[in-house]
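Colleague:
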Amino acid sequence: MRISHLSLAAVLSLLLLGCASQAPQSTIHWITLERLAESIQKDAPMAVGFDIDDTVLFSSPCFYAGQQKYSPGSNDYLKNTEFWKETNGGCDRYSLPKEVARSLIALHQGRGDTIYFITGRPHTEGEQVTTILQQTFAIKNMQPVVFTSGPEKTRFIHDRGLHLYYGDSDADITSAQAAGARAIRVMRAANSTYQPLPVNGALGEEVLVDSTR
Ligand SMILES: [Mg+2]
Numbered sequence: 006m007r008i009s010h011l012s013l014a015a016v017l018s019l020l021l022l023g024c025a026s027q028a029p030q031s032t033i034h035w036i037t038l039e040r041l042a043e044s045i046q047k048d049a050p051m052a053v054g055f056d057i058d059d060t061v062l063f064s065s066p067c068f069y070a071g072q073q074k075y076s077p078g079s080n081d082y083l084k085n086t087e088f089w090k091e092t093n094g095g096c097d098r099y100s101l102p103k104e105v106a107r108s109l110i111a112l113h114q115g116r117g118d119t120i121y122f123i124t125g126r127p128h129t130e131g132e133q134v135t136t137i138l139q140q141t142f143a144i145k146n147m148q149p150v151v152f153t154s155g156p157e158k159t160r161f162i163h164d165r166g167l168h169l170y171y172g173d174s175d176a177d178i179t180s181a182q183a184a185g186a187r188a189i190r191v192m193r194a195a196n197s198t199y200q201p202l203p204v205n206g207a208l209g210e211e212v213l214v215d216s217t218r
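For the sequence shown, the numbering used here assigns the number 6 to the initial residue and increments by one for each residue that follows.
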C-alpha cells in the first residue's frame, strides 16, 4: 500500500516536471489575421517585408529535388551555385504559394502598402523569383526581390524602413527586431525540408494563428 502511494507520487511528480519543461502555449503571443488588420487600420500606407521560403512559398519541392540531384543525403547542395541558379531560375513554379501569404498580401495591398521580399538565398543571374512572385500573388507595385546570401537581414529591413516583417525562421525575427520592425512569425509547415522546426514565439514575437499553410 505504502509503496504504491510512493509510486503514484513519483509518477505525478514526473508528469508535473514534464509539463514545466515545455514552453507553455499560453505564453506565446498569438495573433489572428483579423487582429493584425485592426492593429494597423489607422496607420498610413507603409513598407512591409516578407521572407520567401516557408513564409510565402512552400518551396520544399525545389529543395528536395536539388538535394536529390546534387548531394543526396547531405546539405552540400546548399553550397552549390548550380542549385541556386536552377532554383532562382524558375523552379519556384513548382513551389506552392501559402494561403496565409495570399491573405497577408491582400491585406497590405488593400491598404496601399509597399511590399518587399527579402530572401536569404544568394543572388543568381537571370533570377525569375521576382517575376514568379509578382505573378503568383498579383503584386501591383513589384519591387525586385532582395537576395541577402545568408540569414542576417537587419540592414536590408532597416534601409527600406520596413514597419512589419514576416518570416518563419529565428533569424527573420531577430533581424526584424534589431531593425526596429514589428516581427511576425509565420509558421513553417511541419513537412518542410528545412528542419528542425523553430520554436515559434520563443523570441517574444507575435505568432500568426493558422499560418502553416
Ligand atoms: Mg524562410
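Glycine included, each C-beta is placed from N, C-alpha and C at the ideal position. Treat the numbers as computed from the prediction; the structure is a model and nothing was measured.
Would you check whether ligand 2 has a heavy atom nearer than 7 angstroms to the C-beta of T153?
Modeller: Here the bound small molecules are ligand 1; ligand 2 is not part of this structure.
Colleague: Identify which residue in T92, T60, Q46 has its Cα closest to the Cα of K74.
Modeller: It is T92.
Colleague: If we require 4 or more residues per run, which alpha helix (DSSP H) segments fall completely within the segment 151–180?
Modeller: As far as the segment 151–180 is concerned, its whole alpha helix (DSSP H) runs of at least 4 residues are 159–164.
Colleague: Rounded to a whole number of angstroms, what is the C-alpha to C-alpha distance between I36 and L169?
Modeller: For I36 and L169, the distance between alpha carbons rounds to 14 angstroms.
Colleague: Around ligand 1, what residues have a beta-carbon under 6 angstroms from a heavy atom of it, in chain order?
Modeller: This selection yields D56, D58, D59, T60, G172, D173, S174.
Colleague: What first and last residue would you give for the alpha helix (DSSP H) that runs through I110?
Modeller: Here the alpha helix (DSSP H) through I110 covers 104–116.
Colleague: Using three-state DSSP, classify I137 as helix, strand or coil.
Modeller: I137 falls in the helix class under three-state DSSP.
Colleague: Please report the distance separating the alpha-carbon of E130 from that of Q200.
Modeller: In a straight line, the C-alpha of E130 is about 28 angstroms away from that of Q200.
Colleague: Could you pull out every residue in the same chain whose Cβ sits closer than 7 angstroms to the Cβ of S216, ignoring the five residues on either side in sequence?
Modeller: Closer than 7 angstroms at the Cβ level, and outside the excluded window around S216, lie V105, V191, M192.
Colleague: Find the nearest neighbour of T86 within the set P156, Q72, D56, judged by alpha-carbon distance.
Modeller: Checked all of P156, Q72, D56; the closest Cα to T86 is Q72.
Colleague: Can you tell me whether T124 is helix, strand or coil according to DSSP?
Modeller: Here T124 sits in strand by DSSP.
Colleague: What number of angstroms, rounded off, separates the C-alpha of N146 from the C-alpha of S174?
Modeller: Their backbone Cα atoms lie some 26 angstroms apart in a straight line.
Colleague: Does DSSP put P201 in a helix, in a strand, or in coil?
Modeller: In this structure, P201 counts as coil in the three-state DSSP scheme.
Colleague: Can you tell me which of D118, G125, I144, R165 puts its alpha carbon nearest to the alpha carbon of I45?
Modeller: That would be D118, whose Cα lies nearest to the Cα of I45.
Colleague: Looking at the secondary structure, which residues open and close the alpha helix (DSSP H) in which F142 lies?
Modeller: Element bounds for F142: n/a, residue is neither H nor E.
Colleague: Starting from E211, trace the beta strand (DSSP E) both ways and give me its first and last residue.
Modeller: Note, E211: beta strand (DSSP E), 211–213.
Colleague: Just how far apart, CA to CA, sit T153 and P50?
Modeller: Their Cα atoms are separated by approximately 25 angstroms.
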